[in-house]
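Heads up: the sequence shown begins at 2 in this note's numbering, then just goes up one per residue. Ideal Cβ placement from N, Cα and C applies to all residues, glycine included. These notes are about the structure you will find just below.
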Amino acid sequence: MPHASHRISLFIVPRDPEHELGEGHVAQLRETLCKEGILDAQDQAGEHSGRFVEGGFARFRFDRPPWPVVYGNRLGGYRVQCPHCDANMVTLLDLGLRRWRNGEGRGVACESCSREFCIEALRFKPPAAPGRWALVFSRAESSELKSGVLERLGFLCGVPLQTIVVRG
Ligand SMILES: [Zn+2]
Numbered sequence: 002m003p004h005a006s007h008r009i010s011l012f013i014v015p016r017d018p019e020h021e022l023g024e025g026h027v028a029q030l031r032e033t034l035c036k037e038g039i040l041d042a043q044d045q046a047g048e049h050s051g052r053f054v055e056g057g058f059a060r061f062r063f064d065r066p067p068w069p070v071v072y073g074n075r076l077g078g079y080r081v082q083c084p085h086c087d088a089n090m091v092t093l094l095d096l097g098l099r100r101w102r103n104g105e106g107r108g109v110a111c112e113s114c115s116r117e118f119c120i121e122a123l124r125f126k127p128p129a130a131p132g133r134w135a136l137v138f139s140r141a142e143s144s145e146l147k148s149g150v151l152e153r154l155g156f157l158c159g160v161p162l163q164t165i166v167v168r169g
């Protein structure tokens, strides 16, 4: 699959969907990564970007949309299921997202088994995660951060993180 890897983006998302990251934190993070040669001053990959992602990546950005989102592939073939009864919850997820954005919490009730779950507890295939921000390494050459990097970024951001791989 030639060039397939050039369409991988690694979204580094907080495990707590409500977590907010201030600009001060991000500035500090950028400064640290610049010093280490992971990034250059324009958020492009620095000479040591391969220390974060095997083979490196092209670009970094801090994504902070005005409302919470679900990070993950939303192209053809993705599924969202009830973690209890496997019912399809794609439509209910959209409804849940709307309510979350209106400040009504992250609860979504399954229409099949009537149980209620938080958005992050739904079963996303491929994996996806709700959140208010993400660190994005785009055009990554690998679908994983190198060992220890996720923990280190979590320490720098002050919150445990997870990696969501987005293709396309
Ligand atoms: Zn259910």
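CA nearest to the CA of residue i, picked from the options
i      : options                           : result
His26  : Val167, Gly169, Phe156 and Gln163 : Phe156
Gly104 : Cys86, Val81 and Trp68            : Trp68
Phe63  : Val54, Glu121 and Gly23           : Gly23
Phe170 : Arg153, Asp41 and Val150          : One cannot answer for residue 170 here, as it falls past the ends of the chain, which runs 2 to 169.
Leu93  : Asn74, Arg116 and Gly73           : Arg116
Cys114 : Arg133, Met90, Ser50 and Trp134   : Met90
Leu98  : Cys83, Pro84 and Glu121           : Glu121
Val137 : Leu151, Pro127 and Lys126         : Leu151
Phe118 : Leu162, Pro161, Val81 and Lys126  : Val81
Arg75  : Pro127, Ile39, Arg31 and Arg102   : Pro127
Residue i versus residue j - alpha carbon distance
i      : j      : result
Glu55  : Glu112 : 43 Å
Arg8   : Tyr79  : 17 Å
Ala46  : Arg100 : 37 Å
Glu145 : Ser139 : 12 Å
Arg124 : Arg168 : 19 Å
Ala170 : Ala141 : Nothing can be reported for residue 170: it is not among the residues displayed for the chain, which extend from 2 to 169.
Met2   : Ser143 : Reliability of the predicted coordinates at Met2 is poor, the pLDDT of 40 falling under 50, and the value obtained from them is presented with this limitation in mind. If you take the alpha carbons of Met2 and Ser143, they lie about 14 Å apart.
Glu35  : Leu11  : As written in the sequence, residue 35 is Cys, which differs from the Glu given in the question. Whole-angstrom Cα-Cα distance: 19 Å.
Pro66  : Ser50  : 25 Å
Pro84  : Glu48  : 43 Å
Arg73  : Arg52  : Per the sequence presented here, residue 73 reads as Gly, with Arg not at that position. Taking the straight line from one Cα to the other gives about 24 Å.
Supposed close pair residue i, residue j - CB separation, criterion 8 Å
i      : j     : result
Ala130 : Val14 : 5 Å
Gly132 : Pro18 : 5 Å
Reduced DSSP secondary structure (H/G/I, E/B, other) of residue i
i      : result
Lys147 : coil
Val160 : coil
Gly132 : strand
Asp64  : strand
Leu123 : coil
Gln45  : strand
Phe53  : coil
Leu98  : helix
Gly155 : helix
Gly25  : helix
Practice task
Just jot down, in chain order, the residues whose CB lies closer than 5 Å to any heavy atom of ligand 1.
Solution key: Every residue passing the under-5 Å Cβ criterion appears here: Cys83, His85, Cys86, Ala88, Cys111, Ser113 and Cys114.
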